[in-house]
Structures are given as C-alpha cells and as structure tokens.
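Novice: I'd like to ask some things about the structure below.
Numbering (the UniProt record's numbering), first residue to last: 1 to 626.
Printed below as a string of structure tokens:
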C-alpha cells in the first residue's frame, strides 16, 4: 500500500468508462474483477494481465430484460454472480437480488426471502453490501430496514439460531456486511463502530475508532482486513483477532496502514454539507498575497503531515489513530489560519459571498464567483460536526457586532448540539464566534443532531430542525445579542403535528414554516405559532411527481418550494399549496450533467439552486426559470 500500481477508466457511459464505480469483487480463480457501475446501471467484467494491463471485456445488467436500477453489492460463488439491485422498485416497492452466470448472463431474480420456518417473506429495501460465508450463504446489508439478512442462492432464508429468524435486527445502520474469521461484521451497526456477531446471530461486541466505515475486505495476511472510510477519503489496513471479542464488549483494532487524500488543498472541499449566500460576476475577488510563499507553506504542511504520519507506529489502536489524524488536521487548520491573517489574505468584499460548510476540513469556505477550485477558507477552525448554515441580518447592529454590513452566519453542529453564530472580523479577514446556544440533550433549550436552519423573515427568529428530538426549535436574538428559546413544536410520530427526523426547514414571507419530515416522506406545513396546517407528498419512487423517499432539504423563493428528494436524486419544485410544478433529476457523478449522489442541504437565491453533494465533495448549481 505504498504506491498505485495501475489505474483504469474515465467518467462516462462508454464500454471502458464508469459513472460511480461502487464495489469491486475479484474472481477467486481468474484474472477478473467485477465492478458495479452504479451510475450507469450495469456491471463490468475487467480482465487484467500479469503486467497489469486492464480492459473491460463485458458489461451486463443493463439489457432490457434485466434493467438494473442500482447495482451495489456483489458476490461470486460456484460459477454464479449475485448483485444487489438497490433502487429496483418491485410491486410493493421492494428491491431485489439478481443472479447471473460468472460470464454475465442473466439467470434469475430473488424478489423476496422465504423464511425456512415459515411465516411472512422478508422483503429487501435498498440492499447495499453483500458477503458470503464458507458454505456460500449470502449475507445482505438490507439498508432500508437496518437489518442483515441471510439466505441461500434460491432466496431461502437461513435462520440465525440465536434469533429464530433469518435476519439480524436492532442495528443503527447496515451500510455493508462482511463475513470474516467466522464473524459477521456490520459497519455502522452502532454509531461510529463496526458491530460484530457470530454466525448464530449472537452479538459479540463492537470495534470502535471509526467515523463511517462502509466496506470491509479480508486481507491475505492473518487476522488482517482492509476498511474503507469514504467520508474520510481513506483506506485503512487493520489487524484484529475477532475470536477474542466476546460478551458485548468494545475493542479497538490495530491500524497497520492508512492511505488517502486529505482533500485540504486550495479550492477543495471535504464533506460539504450546506451553503448560503450567492455568487455574482461583479465581485472584486480574493486577495492572495505572496502566492509563492503560500505555495511554499502548503508544501511544508504536506511534508509536516507526512512526517507526523511516519512517526505513528504501525499497530496503534484505531481510536488513537483517528484521534491523532483529527488532531493533526485541527492543528494544521490553525496554522493555515494564522498564515492567512499574517499575509492579510481575505476577500475584498465579503458582503455578498457564497458561504459553504466544509465539514470534513472543520471550517467554512467561501467563493465570490463560483468557479471551479475558487473556494477559500474564511473562518477560524470549527468543531467537528458542523452541518447546517443560515445568514442572519439583524434589523439594527448588535452590541459587539464588528461589521454590520456582513450577515451573521448561524451554524449548527450535529455532534455537539451547539449552534454557533459567527461574525466577520474585517481586521482578520475571518469569521469569528459571536455567540453560541443549545447543547446536546433532550431538554427544552437543548438540541440533538440539529441539521437545517432557517431565518423567519418576519422577525429574524432562528428555526432549527432538531432532528434527534423530532421537533422544531425556535430561538431569538435579544437586543443585547444573546439567544433565547421562544418555543419548540413537534414530537416523534407519523400523525399530524408529529415528525420522524425533521431534517430541514424554510420560512416564507408570511412566517409559514415548511419542513422536510424525512422518515415520514412528506412535507409538513406549520404556522408561525407552531400549529400544524397541512402536509403534502407521499412515500414512493418518482422524479416528476409528489412522491418522496427521504426528502432531505427544502428552501423557497418567489412563491415556490424547492425540495431535495434524496433517494430519488431529484430537485422537485412545488407551489406553496403543495402542487407539483417541475423537477430535475440525475443519479451519478458526472459533473457536466449535474448528477447527484449524496445531496444535502440546498439553498435557493436569485433563481439559482445551490445543492452541495457531501460524497462528491462539490456544490452543484442549477438555474431555474419559472
């Protein structure tokens, strides 16, 4: 894992191209690699030579009689290949598995899992990772139901004896699954851990020291495995004897190696979650003084990073490895900030910028023109977990407000439950804290996993989607600049006046609130007093209707509502009565087509829709003329 030996492919739809190659699977006996090309709705068979010449010898799954909708996990056994078709919609909206020959010829589908002890069939919803045990049984990360299902190659459920059913439930998430050392490993089975079960379905414990692991692959060395952390842009090599994990305890692995891209170069974003503001073509720009010196500094920081990584001995615990990496990034953010202040590098006119929450780099960035690689840091380092953002312009300057011409920026923190209000310091050329409020918990003045933020234009109140508490929280800045709670509304449920993970909110000119009720797959409408008015939308697939599957974000402009519908990868436009008007959809990674993979909190300004994609590390900009 010291150097890249070969690479293959470009973005596109051609026979040797990919659009989000998602999972790889080496053939056990042949010089072949299967690649699920999820954005092109097909699977590649790559063939490689001894000198690492690579070519795609066949694509399959996109033929009309199969028509894969989202090929994700893949396994091969006894001459057959099984593919998890994540976004296929069956008669009852269920997903499916599709079985091919190892040469890519279609054989049959598995549309449901039939329990061997009778009872109702087990349906699949958004299955992602697949794995096999030594007997060839298939393990399915059934993501939509947060379960792991076990079956044979005909779809017959194989019961876990400790559970008397063919699935493991009670998981936080089930993004993937791997059977290694006779254990079932489930990344995301608990928060920031890999949950470990034995083959009877008994919970053995957790492996901690992770952020959001997705894929786990057994390595050739004993008790060693490779683990991907996509949001950290890293591939890690770990060592652990899984037989020593017992009794529901938590243990750390030993990190032998970690490689990846820090995504902290000028112009880069890392897990961008939300934006506010706008870009124009009249901004004077960013004053970058002494560019040669800045380049030298970047080189020195890169060398410093390499030295610090080299100083970390192989085999340190996983929790310590991730802590040291975060600490290194945090220190380097401060170093870069001090250098910017020293060089007086700042935007000439900060009053009208596009501000972006660059969560993976613990900072806010801004751009004046929206050009590629134009983003520049503009805040002091922030706590990990920053997520939502809104701009607040007080009706009159507040005590201690340094530059009333620049809006205050309100930023939520998903991990700490703290909301920070930032102000612009013209001397430093940076955003600095003005005040904070909230804090993690379920109390009236606390927040749990806050996400989207909106400002009520009628009175400048701050409204927060308090997702973990399944409610909306309304706050107000006093004349002295302190934040106080006005009220909260909502509770967990699916009835009128209830939420299941409200993720974002927008407020129109009359004070009416529109909220994405994410897990209830609807938009809820409330009055300024927190009383329910109506709802619209229903659960289901569709890119040009009022169906929703995990609607994540909402904003409004000129009497129209703009909704980011996550699973459907669509931006849907409605009037404020909830009537569907228009939409855009695009599933994939092709930036020229504005395609989406994991869009987060959108923002609308001057008929432009800004939609950050936290997985593709970019902000897509769409122009709507309605």
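The beta-carbon is built from N, C-alpha and C at its ideal position, and this holds for glycine as well.
By Cβ distance below 8 Å, which residues in the same chain neighbour residue 455 in space, the five residues on each side in sequence not counted?
Specialist: Walking along the chain shown from the start, residue 455 turns up at place 455. So the qualifying residues of the chain are 390, 391, 392, 410, 461, 462, 463, 507.
Novice: Checking 8 Å against the spacing of the C-beta atoms, do residue 423 and residue 434 come in under that value?
Specialist: Numbered from 1 along the chain shown, position 423 holds the residue referred to as residue 423. Numbered from 1 along the chain shown, position 434 holds the residue referred to as residue 434. Result yes, Cβ atoms of residue 423 and residue 434 sit closer than 8 Å.
Novice: In the DSSP assignment, the beta strand (DSSP E) including residue 480 goes from what residue to what residue?
Specialist: If you number the chain shown from 1, residue 480 lands on position 480. Neither: residue 480 is in no beta strand (DSSP E) and is coded neither H nor E.
Novice: Taking residue 112 as the reference, give the member of 505, 98, 209, 599 with the closest Cα.
Specialist: Here residue 112 refers to the residue found at position 112 of the chain shown. Residue 112 has its Cα closest to that of 98, out of 505, 98, 209, 599.
Novice: Determine the contact status of residue 527 and residue 512, defining contact as a CB-CB distance below 8 Å.
Specialist: As a first step, residue 527 must be located in the chain shown, where it is residue number 527. As a first step, residue 512 must be located in the chain shown, where it is residue number 512. In contact: residue 527 and residue 512 (Cβ atoms closer than 8 Å).
Novice: Beta-carbon within less than 8 Å of residue 203's beta-carbon, same chain only, minus the 5 sequence neighbours each way: which residues are those?
Specialist: Here residue 203 refers to the residue found at position 203 of the chain shown. Excluding residues within five positions, the ones whose Cβ falls inside 8 Å are 195, 196, 197, 248.
Novice: Does residue 516 pass the burial test, meaning 16 or more other C-beta atoms within 10 Å, or should it be called exposed?
Specialist: As a first step, residue 516 must be located in the chain shown, where it is residue number 516. So residue 516 counts as buried.
Novice: Buried or exposed for residue 547, please, with buried defined as at least 16 other CB atoms from any protein chain shown within 10 angstroms of its CB.
Specialist: Counting from 1 along the chain shown, the entry for residue 547 is found at position 547. With 16 or more other Cβ atoms within 10 Å, it is buried.
Novice: For the UniProt repeat "NHL" (5-49), which segments carrying the beta strand (DSSP E) assignment without a break, of at least 3 residues, lie completely within its bounds, in sequence order?
Specialist: Counting whole runs of 3 or more residues, the UniProt repeat "NHL" (5-49) contains the beta strand (DSSP E) stretches 21-26, 32-37, 42-48.
Novice: Would you call the segment 230-238 in contact with the segment 249-257, where contact means no fewer than 3 C-beta pairs closer than 8 Å?
Specialist: Enough Cβ pairs lie closer than 8 Å, so yes.
Novice: Look at the alpha carbon of residue 687 and the alpha carbon of residue 617, and state the distance between them as a whole number of angstroms.
Specialist: No statement about residue 687 is possible, as the shown extent of the chain runs from 1 to 626 and does not include it.
Novice: Residue 519 by DSSP, collapsed to three states: which one?
Specialist: Within the chain shown, residue 519 is the residue found at index 519, counting from 1. Residue 519: helix per DSSP, three-state reduction.
Novice: What do you get for residue 108, buried or exposed, if any count of 16 or more other CB atoms within 10 angstroms of its CB means buried?
Specialist: Taking the first residue of the chain shown as position 1, residue 108 is located at position 108. By the neighbour-count rule (16 or more Cβ atoms within 10 Å), residue 108 is not buried but exposed.
Novice: Between the C-alpha atoms of residue 621 and residue 229, what's the straight-line distance to the nearest angstrom?
Specialist: By 1-based counting over the chain shown, the position of residue 621 is 621. By 1-based counting over the chain shown, the position of residue 229 is 229. For residue 621 and residue 229, the distance between alpha carbons rounds to 27 Å.
Novice: If residue 560 sits next to residue 545, beta carbons under 8 Å apart, how far is it from one beta carbon to the other, in whole angstroms?
Specialist: Within the chain shown, numbered from 1, the residue matching residue 560 stands at position 560. Within the chain shown, numbered from 1, the residue matching residue 545 stands at position 545. Not a contact, Cβ separation roughly 16 Å.
Novice: Nearest by alpha-carbon distance to residue 498: which of 45, 518, 481, 280 is it?
Specialist: As a position in the chain shown, residue 498 is number 498, starting the count at 1. Measuring from the Cα of residue 498, the nearest candidate turns out to be 518.
Novice: Determine contact between the segment 366-378 and the segment 394-409, defined as no fewer than three beta-carbon pairs at a distance below 8 Å.
Specialist: No, the segment 366-378 does not touch the segment 394-409.
Novice: Please report how far the alpha carbon of residue 63 lies from the alpha carbon of residue 44, in whole angstroms.
Specialist: The residue given as residue 63 occupies position 63 in the chain shown. The residue given as residue 44 occupies position 44 in the chain shown. Computed Cα separation, rounded: 13 Å.
Novice: Is it true that the segment 207-215 meets the segment 185-193, where meeting means three or more beta-carbon pairs spaced less than 8 Å apart?
Specialist: These segments touch.
Novice: Per DSSP, which residues does residue 100 bridge with? Please list them.
Specialist: Counting from 1 along the chain shown, the entry for residue 100 is found at position 100. Answer is 81, 106, bridged to residue 100.
Novice: Out of curiosity, what's the CA-to-CA distance linking residue 27 and residue 267?
Specialist: Taking the chain shown and counting its residues from 1, the one referred to as residue 27 is at position 27. Taking the chain shown and counting its residues from 1, the one referred to as residue 267 is at position 267. Approximately 39 Å between the Cα atoms of the pair.
Novice: Tell me, which residues are paired with residue 182 by DSSP?
Specialist: Reading the chain shown from its first residue, position 182 is the one you call residue 182. None, per the DSSP bridge assignment.
Novice: Let me see if you follow: with CB-CB separation under 8 Å, is residue 387 close to chain D or not?
Specialist: Absent here is chain D; the protein component of the structure consists of one chain.
Novice: Just checking my contact of residue 432 with residue 380 at CB under 8 Å: how many whole Å lie between their CB atoms?
Specialist: In the chain shown, the residue the question calls residue 432 occupies position 432. In the chain shown, the residue the question calls residue 380 occupies position 380. Indeed, because the Cβ distance is near 6 Å, the residues count as touching under 8 Å.
Novice: Within a Cβ cutoff of 6 Å, which residues of the same chain sit near residue 473, ignoring the five residues on either side of it in sequence?
Specialist: As a first step, residue 473 must be located in the chain shown, where it is residue number 473. Result list for residue 473: 464, 466, 488, in chain order.
Novice: Would you mind working out which of 144, 132, 76 sits nearest residue 184, comparing C-alpha positions?
Specialist: The count along the chain shown starts at 1 and reaches residue 184 at position 184. It is 132 whose Cα lies nearest to the Cα of residue 184.
Novice: Evaluate residue 457 with the Cβ neighbour count: other Cβ atoms within 10 Å of its Cβ, from every protein chain shown; 16 or more gives buried, anything less gives exposed.
Specialist: In the chain shown, counting from the first residue as 1, residue 457 sits at position 457. Counting Cβ neighbours within 10 Å, residue 457 comes out exposed, since fewer than 16 surround it.
Novice: Does the segment 34-51 come into contact with the segment 65-72, if we say contact requires no fewer than three beta-carbon pairs (one atom in each stretch) closer than 8 Å?
Specialist: Flag = yes, the segment 34-51 and the segment 65-72 touch.
Novice: Is the beta carbon of residue 280 sitting closer than 8 Å to the one on residue 352?
Specialist: Numbered from its first residue, the chain shown carries residue 280 at position 280. Numbered from its first residue, the chain shown carries residue 352 at position 352. Yes, Cβ-Cβ distance for residue 280 and residue 352 is below 8 Å.
Novice: Using the Cα positions of residue 5 and residue 52, report the straight-line distance between them to the nearest angstrom.
Specialist: The residue you call residue 5 lines up with position 5 of the chain shown. The residue you call residue 52 lines up with position 52 of the chain shown. The straight-line gap from Cα to Cα measures roughly 8 Å.
Novice: When the Cα of residue 486 is compared with those of 577, 503, 446, 604, which residue comes out closest?
Specialist: Looking up residue 486 in the chain shown gives position 486. Per the Cα distances, 446.
Novice: Taking the alpha carbon of residue 34 as the point to measure from, which residue in 17, 452, 56 has its own alpha carbon closest?
Specialist: As a first step, residue 34 must be located in the chain shown, where it is residue number 34. The option with the nearest alpha carbon to residue 34 is 56.
Novice: Quick one: Cα of residue 13 to Cα of residue 596, how far?
Specialist: Walking along the chain shown from the start, residue 13 turns up at place 13. Walking along the chain shown from the start, residue 596 turns up at place 596. So the alpha carbons of these two residues sit roughly 16 Å apart.
Novice: Closest by CA to residue 637, which one among 11, 23, 50?
Specialist: As displayed, the chain neither begins before 1 nor continues past 626, which places residue 637 out of reach and without an answer.
Novice: Rounded to a whole number of angstroms, what is the C-alpha to C-alpha distance between residue 186 and residue 171?
Specialist: The residue you call residue 186 lines up with position 186 of the chain shown. The residue you call residue 171 lines up with position 171 of the chain shown. If you take the alpha carbons of residue 186 and residue 171, they lie about 9 Å apart.
Novice: Which word fits residue 687, buried or exposed, when buried means at least 16 other C-beta atoms lie within 10 angstroms of its C-beta?
Specialist: Outside the modelled stretch of the chain, which goes from 1 to 626, sits residue 687, for which no answer is possible.
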